[in-house]
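Trainee: Have a look at this one before I ask anything.
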Amino acid sequence: MEKVSGADAVLLSLIEEGQDTVFGYPGGAVIPLYDSLYFKQDKIKHVLARHEQAAVHEAQAYAQITGKPGVCIVTSGPGATNAVTGIANANMDSVPLVVITGQVGSYFLGTDAFQETDVFGLSMPIAKWSAQITKAEDIASTMAKAFYIAVSGRPGVVVLEITKDALTSKTDFVYKKAPVLRSYAPYPKIADEVIDKAVEMINEAERPLILLGHGVLIARAEKTVKEFIEKSGIPFGSTLMGLTALPSDHPLNVGMLGMHGSYAVNMLTNKADLIIAIGMRFSDRVTGKLSGYAKNAKILHIEIDKSEIDKNVPVTLAVHGDLKSALSYLTPRIEKKTYNNWRKEFDKFYQMERTQVIERDTRSNEPLIQMGEPVAMISQKTDGNAVVITDVGQNQMIAARYYKFRIPGTFLTSGGLGTMGFGLPAAVGAAVAQKKLPVILFTGDGGFQMNEQELGTIIQENIPVKMVILNNSVLGMVRQWQNMFQGKRYSQTDLINPDFIKLADAYGIKAKRVEFREDLNSAIDEMLSFDGPYLLDIKVDKDMKVMPFIAPGSTVDEMKLVSND
Amino acid sequence: MEKKYTLVVFTEDKVGLLNRITIVFTRRHINIDSLTTSESEIHGIFRYTIVAKATPEMMKKVVDQIEKLTEVLRAFYYEAQDVVTQELALYKISTANITPMESLIRESSVRILDIEKEFIIIEKTGSRQEVLTLFEQLKPYGILQFACSGQVAVTKPMKELETYLKELNQAVEASNKIRSWKLKN
Ligand SMILES: Cc1ncc(C[n+]2csc(CCOP(=O)(O)OP(=O)(O)O)c2C)c(N)n1
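Residue numbers (the working numbering), protein chains in the order written: chain A, 1 to 565; chain B, 566 to 750.
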């Protein structure tokens, strides 16, 4: 057999895994890898980001859209430390990534050599798995293990640190996908008795409520979940990350859970007598004050990660396993039912929210444009046929609240880590991953500036990302908290911003500013019909608050519908 | 209420795993009282014995998070009554005051490992309490060095490691079946 270099072994492994796109940034320690890539450009496309953090976010969005693990290549030292935020972000939201970082030659390890950082050590608390590779012959087997671990069970990030000498020395290349690891059984078997009990709990419930999480999308189980929900007749809410599991306008959809979610589902959580949590982890942003959460309900938790069971909310019954297989056992056995009266109770709260919040947010008479207006308008014009990306803050919550989704997996946002700067690179990754649907980014002016250098990636890749800056010239979400809880002391939340139109112009990207409501409609039409990237800078009201709101320390049913001032 | 727990963790032999295990404790601000590790009765499988204080609910979460680590085979936690534990301590004592110490050494069921002109080294195996009692008794005579192993433990209720390995094997097989089903559906 002909020997190959370690660098070749890395790329051959990617090809074996069916990977044809990587995101990254070169540097000293990975020059051999980039050299090898030069000869394999026909098989592996490389997207050159402008910052390693962005490269990882791009790979994450790519993974979420394609369903394959995302791959990212960065150099040692600063390349790897820059990647840390991206790694933590993807891992918190259970997105499979394989992040390959360079490392100094193995003979230099531990000596504080130029651009040496302990990537392996750094990655430990923020990655699902990581390994340091110091020999070319270990590359293929470790890559196979990495891909298997990244995608299976509860997915996550795998970090592989490869020393420079491992990349340059020669090895045989033999690749065996999905190796058996005796310590790792990512898909637990679900016992029949557990299913029996779950069926009984579901059939006995009078006021059941289903909570859908990101797990539904990760398991690609939207159809299975839909069948389960429609047979059971049980109303459902979803987490921010699980928002697109079923269409926004599904008759049983009672809204988004948590702090900035829908009034109805939060107010009625404590009235439910059974909560069926599917692929979600009862994050503190969902539960509010734990001691006052789901007080009258039995909890049935369907979850693949055992350490999530009983972690935040003690459960009555856990179905520990893959939710798709769990539901395929449950659906045939549950009774076909409807809960008309219970479902109607949600409507009552929805009407209050609609008249007191939604109308004002989306069809406002306020002098200044409200963030919800462009979101609702774009939602209506695209009719759910778009990939929607957000940054973090008010823009994120408003987009989540007012965009009406139709297609599973078409909403990407930073949930667990809440990483400002996620939006623009994620939009890049989504636009690289697919060409069918337009990619629309809603971002704050603050978050946009955290990774605005990715405009460079957009022009280099020539991808038609539509960027909507909901520009309030403040760090809106922090300011909202300052308004509500710090006596309106706006400490360090005012921003002096650049002229975003000129900024876009410097990159040759078409852009327009909207300051008045009457210009909004035509500007949005122009953006949506434009063939190519487009930046829309919309001046919005900095005093808008995202409501309703569960204040920190409050219980779900203490959710405030409108703010006091 | 916080209690003292002994955790037994079986792992593959992998660089960095000790770090990953201790991170689970540090993230939750739990102090590890003692930690020992050695190869288990099966070649290639390592056994960690960790002593820490926490509430029962907290300890369950910690153990679940340890067991979640890819290369951890199994993790268990036990209360005091379910484990038999020992520690080993070494004392290096000055010989300046040797005469009054002789009877103490004789009565304390210790082993003398080394005798030199200036010092003697003795070994004591026992519970933490016994080890510390002897420490206090020897202190007046001048302890030059003291080192203690931390707790090693074997558990009363646990099955044999072989049995767990068989169970794991079945779990991996079942997991692969579900995985193939998922790839098809
Ligand atoms: C990297 C990072 N730093 C700080 C924060 C804290 N934070 C959360 S929301 C927010 C304000 C965001 O402002 P902007 O991007 O303008 O969006 P808006 O809330 O106004 O829509 C800040 C600073 C964060 N989430 N991420």
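The beta-carbon is built from N, C-alpha and C at its ideal position, and this holds for glycine as well.
Computed from a predicted model, the values in this text were never measured in an experiment.
Could you compute how far the alpha carbon of G487/A sits from the alpha carbon of Y534/A?
Mentor: Near 39 Å, if we compare the C-alpha coordinates of Y534/A and G487/A.
Trainee: Measuring only from the beta carbon, is K477/A closer than 7 Å to any heavy atom that is part of ligand 1?
Mentor: It should be pointed out that residue 477/A corresponds to Met in this sequence rather than to Lys. True, at least one ligand heavy atom lies under 7 Å from that Cβ.
Trainee: Give the interface partners of G581/B over in chain A, defined as CB-CB distance under 9 Å, in chain order.
Mentor: Result: F120, G121, M124, S130, A131 and Q132.
Trainee: Is the beta carbon of A386/A sitting closer than 8 Å to the one on L330/A?
Mentor: no
Trainee: So that I know if they touch, is there some Cβ in chain A lying closer than 8 Å to that of E604/B?
Mentor: no
Trainee: Just to confirm, does N253/A get its C-beta within under 7 Å of one of the non-hydrogen atoms of ligand 1?
Mentor: no
Trainee: List the residues that DSSP assigns as beta-bridge partners of Q630/B.
Mentor: None, per the DSSP bridge assignment.
Trainee: My output table needs one value for Q702/B: the three-state DSSP class, helix, strand or coil.
Mentor: Here Q702/B carries a helix assignment [DSSP, helix/strand/coil].
Trainee: On the three-pair Cβ rule with 8 Å, is the segment 681–699 of chain B touching the segment 648–660 of chain B?
Mentor: With contact defined as three or more Cβ pairs closer than 8 Å, the segment 681–699 of chain B and the segment 648–660 of chain B are in contact.
Trainee: Verify the contact flag: L470/A, CB atom, against every heavy atom of ligand 1, threshold strictly below 7 Å.
Mentor: Flag set: Cβ of L470/A near ligand 1.
Trainee: Alpha carbon to alpha carbon, what distance is there between T614/B and Q646/B?
Mentor: 16 Å
Trainee: Let me know if V225/A comes out buried or exposed under the rule of 16 or more other beta-carbons within 10 Å of its beta-carbon.
Mentor: buried
Trainee: Give the interface partners of P552/A over in chain B, defined as CB-CB distance under 8 Å, in chain order.
Mentor: Here the premise fails: no neighbours, minimum Cβ distance about 21 Å.
Trainee: Closest by CA to S605/B, which one among T591/B, Y642/B and L638/B?
Mentor: L638/B
Trainee: Could you please give the first and the last residue of the uninterrupted beta strand (DSSP E) stretch that includes M250/A?
Mentor: Residue identity differs from the one stated: residue 250/A is His in this sequence, not Met. Here H250/A belongs to no beta strand (DSSP E), and DSSP marks it neither H nor E.
Trainee: How many angstroms separate the CA atom of D578/B from the CA atom of L726/B?
Mentor: 16 Å
Trainee: Would you please verify whether the beta carbon of K324/A is less than 8 Å from any beta carbon of chain B?
Mentor: yes
Trainee: Taking 8 Å as the cut-off, decide whether the C-beta atoms of T171/A and A136/A are in contact.
Mentor: yes
Trainee: With hydrogens ignored, establish whether the beta-carbon of M467/A is closer than 7 Å to any heavy atom of ligand 1.
Mentor: no
Trainee: With T635/B and S183/A assumed to form a contact (beta carbons below 8 Å), what rounded beta-carbon distance in angstroms separates them?
Mentor: 7 Å
Trainee: So L638/B contacts chain A; which residues on that side make the cut at Cβ distance below 9 Å?
Mentor: R182 and S183
Trainee: Can you tell me whether D391/A is buried or exposed, with buried defined as 16 or more other CB within 10 angstroms of its CB?
Mentor: buried
Trainee: Roughly how many angstroms lie between the CA atoms of V84/A and S248/A, to the nearest whole one?
Mentor: 34 Å
Trainee: Note down, in chain order, each residue of its chain lying with its Cβ closer than 7 Å to the Cβ of G508/A, except the 5 sequence neighbours on either side.
Mentor: Here the set comprises I459.
Trainee: For T111/A, is the beta carbon positioned less than 7 Å from some heavy atom of ligand 1?
Mentor: no
Trainee: Report the residue from G156/A, K271/A and Y175/A whose alpha carbon sits nearest the alpha carbon of E16/A.
Mentor: Minimum Cα distance to E16/A is reached at Y175/A.
Trainee: If I measure Cβ to Cβ from S414/A and keep anything under 6 Å in the same chain, skipping five residues before and after, which residues do I get?
Mentor: Hits under 6 Å: N89, V392 and F422.
Trainee: Just mark K164/A as buried or exposed, buried being the case when its beta carbon has 16 or more other beta carbons within 10 Å.
Mentor: Result: buried.
Trainee: Quick check: is the beta carbon of S740/B nearer than 8 Å to any beta carbon in chain A?
Mentor: yes
Trainee: Taking 7 Å as the cut-off, does the CB of G415/A come closer than this to any heavy atom belonging to ligand 1?
Mentor: G415/A has its Cβ no nearer than 7 Å to any heavy atom of ligand 1.
Trainee: Closer than 7 Å to a non-hydrogen atom of ligand 1 - does that hold for the CB of N91/A?
Mentor: no
Trainee: Report, in whole angstroms, the separation of the C-beta atoms of M572/A and Y263/A, which I expect to be a contact under 8 Å.
Mentor: Residue 572/A cannot be examined here, being either before or after the span of chain A that is shown, 1 to 565.
Trainee: Within the continuous alpha helix (DSSP H) that includes D196/A, where are the two ends?
Mentor: Taken as a continuous stretch (DSSP letters only), the alpha helix (DSSP H) holding D196/A covers D192 to E204.
Trainee: Does P188/A have its Cβ less than 8 Å from a Cβ in chain B?
Mentor: Cβ-Cβ to chain B under 8 Å: yes for P188/A.
Trainee: Between which two residues does the beta strand (DSSP E) containing Y570/B stretch?
Mentor: Under the DSSP assignment, Y570/B falls in the beta strand (DSSP E) whose first and last residues are K568 to T576.
Trainee: W129/A bridges to which residues according to DSSP?
Mentor: W129/A is bridged to V158/A.
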